[in-house]
Each structure stands twice: as structure tokens, then as C-alpha cells.
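Residue numbers (the working numbering): 3 to 117.
Here a beta-carbon is modelled for each residue, glycine too, at the ideal position from N, C-alpha and C.
Bear in mind the structure is a predicted one, so any value in this text is a computation, not a measurement.
See structure below.
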């Protein structure tokens, strides 16, 4: 069994819109997983399940007696817009295929009329 750290850190998750007019504190009592590193320090992992929306900002703040000040990590949700490249490539391929069928039909009909 792993030795316990001297005191448990406090983890707080916050959520805000792009314009931080409203900040919502999420459940800060989420279970964390403890991992003992080779140098006998600890790594604690806290996760939060959510569905991100464009413009949301999530922050995780960790407080512990061994820290001079709380550590905060920020995640800014960025939704990638669909690119136009695959649609253009598909359209060009479709047009080229239809032109090939039309040219083949033309030469087939012209070849039959010559005989």
C-alpha cells in the first residue's frame, strides 16, 4: 500500500463562458487517483466529465500546503470548423467522372455511326 501524502490537496473545477460574466463552480469533491512517482512524490489525477461547447472555458485549481500559491490550469474549448477541401475534391472528381462518361458515350455513338 502506498504511503499517504501529508495532506490531501483541494481540487476545484470552474466553468465560464467566453465572456466571464458567470462562473460556475463544479463538483470539487471528485475522486482522484493517486500515483507514487519514482522520486517518492505523488501525482494525483482528477477528471471531470462534461460536453464542451464552443466558447466555454474550464479551469482546474489545486491547493496544497506544499505549494506557495494555488496552481491553475485553463482549457479553452475550440471547435474546429469543417474544412471545404474534401467537398471540393469530391465535386471535382464527380465532374471529371461525368465528363469521362459523356466523352466515352460520344465516341461510342460516333464510332457506331461510322461503321
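Closer than 6 Å by C-beta to residue 73: which residues in its own chain qualify, once you throw out the five before and the five after it? Chain order, please.
64
Buried or exposed for residue 49, going by 16 or more other Cβ atoms inside 10 Å?
exposed
Between which two residues does the alpha helix (DSSP H) harbouring residue 89 extend?
87-116
What distance in whole Å lies between the Cβ atoms of residue 59 and residue 41, which are believed to be in contact at a cut-off of 8 Å?
Residue 41 to residue 59, Cβ: 33 Å. No contact.
Between the CA atoms of residue 96 and residue 107 - distance to the nearest angstrom:
16 Å
If we ignore side chains and look at the alpha-carbon of each, how far apart do residue 36 and residue 69 end up?
18 Å
Spatial distance of residue 115 from residue 91 (CA atoms)
36 Å
Presumed contact (8 Å Cβ cut-off) between residue 16 and residue 61, rounded CB distance:
5 Å
Who pairs with residue 12 in a beta bridge, going by DSSP?
65
Going by Cα to Cα distance, which pick from 18, 51 and 45 is closest to residue 1?
With the chain covering only 3 through 117, there is no way to say anything about residue 1.
Check for me: the beta strand (DSSP E) holding residue 78 runs from which residue to which?
73-78
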